[in-house]
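Chemist: This is the structure I want to talk about, given as structure tokens.
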Amino acid sequence: MAQVQQIKIDTSHGTLAVQSIGSGSPPLLCIHGNSFCCKIFKHIFSSDLSKTHQVLTIDLPGHGESSNALDPQRSYNQPAYADAAVQVLQKLGIAEVIIFGWSLGGHIAIEMLPLFDGIKGIMICGTPPVGYGELDKGFTFGDEGWKIAAAARDGLNAEEISGFAHNCADPPYEDWMEECVARTDQVARSLMFNGFARGECLDQRKTVGRSTVPIAVVNGADEPFVNLQFVKDVEYGNLWSGKCIEMEGLLHAPFWAKPKEFQEILERFIKDVS
Numbered sequence: 057m058a059q060v061q062q063i064k065i066d067t068s069h070g071t072l073a074v075q076s077i078g079s080g081s082p083p084l085l086c087i088h089g090n091s092f093c094c095k096i097f098k099h100i101f102s103s104d105l106s107k108t109h110q111v112l113t114i115d116l117p118g119h120g121e122s123s124n125a126l127d128p129q130r131s132y133n134q135p136a137y138a139d140a141a142v143q144v145l146q147k148l149g150i151a152e153v154i155i156f157g158w159s160l161g162g163h164i165a166i167e168m169l170p171l172f173d174g175i176k177g178i179m180i181c182g183t184p185p186v187g188y189g190e191l192d193k194g195f196t197f198g199d200e201g202w203k204i205a206a207a208a209r210d211g212l213n214a215e216e217i218s219g220f221a222h223n224c225a226d227p228p229y230e231d232w233m234e235e236c237v238a239r240t241d242q243v244a245r246s247l248m249f250n251g252f253a254r255g256e257c258l259d260q261r262k263t264v265g266r267s268t269v270p271i272a273v274v275n276g277a278d279e280p281f282v283n284l285q286f287v288k289d290v291e292y293g294n295l296w297s298g299k300c301i302e303m304e305g306l307l308h309a310p311f312w313a314k315p316k317e318f319q320e321i322l323e324r325f326i327k328d329v330s
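Residue numbering for the sequence shown is 57 to 330, as defined by our numbering.
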């Protein structure tokens with residue numbers, strides 16, 4: 057198996073930790089979710105994909121092994137995360153890319169569409185492409201809405217950190233997940249979600265509706281945080297396979313719970329868009 061390279065890349069949003077394995081083109085860029093890090097993609101990194109494609113992942117500013125943002129107000133939002141990812145691609149000399157975005161990572165991938173011409177395809181998972189004012193339609197945070205969700209708050213206590221870590225990824229749980237949530241810059245969640253709610257990003261529903269880039273939508277059928285009916289009702293400009301895919305019995309991170317089954321879907325998508 058090829059060796060994983062650990063790279064640090066300076067961007068205007070901070071120094072980002074990047075992992076890379078393999079060398080085939082177009083590369084696959086994996087973008088993690090809120091308060092997680094690149095470790096969530098370990099099954100993809102250890103798969104046969106690296107024999108045919110370069111596989112990359114980044115820790116977002118304020119997450120994992122990356123530095124905290126140089127300017128939190130500027131950098132802890134979806135457009136800035138997208139800009140940081142584009143800066144990484146440019147510094148690595150990558151002209152074409154396929155993106156797999158999980159949860160927040162899927163929103164970032166959508167934000168990258170107008171920023172990077174070489175996107176061959178996007179797969180999103182746990183990501184409702186919401187329009188302006190639709191956060192509480194696309195997400196299922198309960199009667200009080202997104203404002204009380206751990207995903208949108210700073211200063212989580214130890215119990216909340218543990219609950220967030222356990223709930224975001226499907227079983228099996230691993231200790232690094234809680235450590236990752238605890239490490240995340242504590243202002244990152246609220247700044248990102250409040251900016252999201254104020255519409256300081258693309259109208260993502262309209263963006264995926266207008267885009268000709270193939271978009272694959274894959275979710276766990278028992279997804280706890282996303283309104284799957286909302287996701288299916290979105291009009292996509294180029295929906296891969298002609299339908300949203302739901303994996304039975306799985307939750308917010310089906311690629312973690314059933315890596316072999318998910319990998320088969322991901323590899324078909326990569327083959328089609330390559």
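Note that CB positions come from ideal geometry on N, CA and C, so glycine has one too.
Kindly indicate the opening and closing residues of the beta strand (DSSP E) around Asp-66.
Modeler: 61-67
Chemist: Would you tell me roughly how many angstroms separate the C-alpha atoms of Met-233 and Ile-114, rounded to the nearest one?
Modeler: 16 Å
Chemist: Run through DSSP, which three-state label would Ser-267 get?
Modeler: coil
Chemist: In the DSSP assignment, what are the bridge partners of Asn-275?
Modeler: Glu-302
Chemist: Give the secondary structure of Gln-75 by DSSP, where H, G and I count as helix, E and B as strand, and everything else as coil.
Modeler: strand
Chemist: Considering only their Cβ atoms, is the gap separating Val-290 from Val-264 smaller than 8 Å?
Modeler: yes
Chemist: Name, in chain order, the residues that DSSP records as bridge partners for Phe-195.
Modeler: According to DSSP, residue pairing for Phe-195 in a beta bridge involves Val-282.
Chemist: Cβ of Phe-286 less than 8 Å from any chain B Cβ?
Modeler: Note that chain B does not occur in the displayed structure, where there is just one protein chain.
Chemist: Assuming Phe-156 is part of the beta strand (DSSP E), what are its boundary residues?
Modeler: Counting along the chain, the beta strand (DSSP E) containing Phe-156 begins and ends at 153-158.
Chemist: Distance check for Trp-158 and Gln-260, CA to CA, integer angstroms please.
Modeler: 15 Å
Chemist: Please report how far the alpha carbon of Gln-59 lies from the alpha carbon of Lys-107, in whole angstroms.
Modeler: Whole-angstrom Cα-Cα distance: 11 Å.
Chemist: Specify the secondary structure class of Leu-53 as computed by DSSP and reduced to three states.
Modeler: There is no way to answer for residue 53, as the model of the chain reaches only from 57 to 330.
Chemist: What's the gap between the Cα of Ile-271 and the Cα of Leu-322?
Modeler: Ile-271 and Leu-322: Cα-Cα distance of roughly 12 Å.
Chemist: What three-state label does DSSP hand Leu-247 in the structure shown?
Modeler: helix
Chemist: From Gly-70, Gly-162 and Ser-131, pick the residue whose C-alpha is nearest to that of Glu-121; which is it?
Modeler: Out of Gly-70, Gly-162 and Ser-131, Gly-70 has the C-alpha closest to the C-alpha of Glu-121.
Chemist: Would you give the residue range spanned by the beta strand (DSSP E) that Ile-87 belongs to?
Modeler: 84-87
Chemist: Less than 8 Å between the C-beta atoms of Ile-87 and Ile-175, yes or no?
Modeler: Against a cut-off of 8 Å, the Cβ pair of Ile-175 and Ile-87 comes out as no contact.
Chemist: Closer than 6 Å by C-beta to Lys-193: which residues in its own chain qualify, once you throw out the five before and the five after it? Chain order, please.
Modeler: Phe-286
Chemist: For my contact list, Trp-296 and Phe-252 are in at a C-beta cut-off of 8 Å; report their separation, rounded to the angstrom.
Modeler: Trp-296 to Phe-252, Cβ: 25 Å. No contact.
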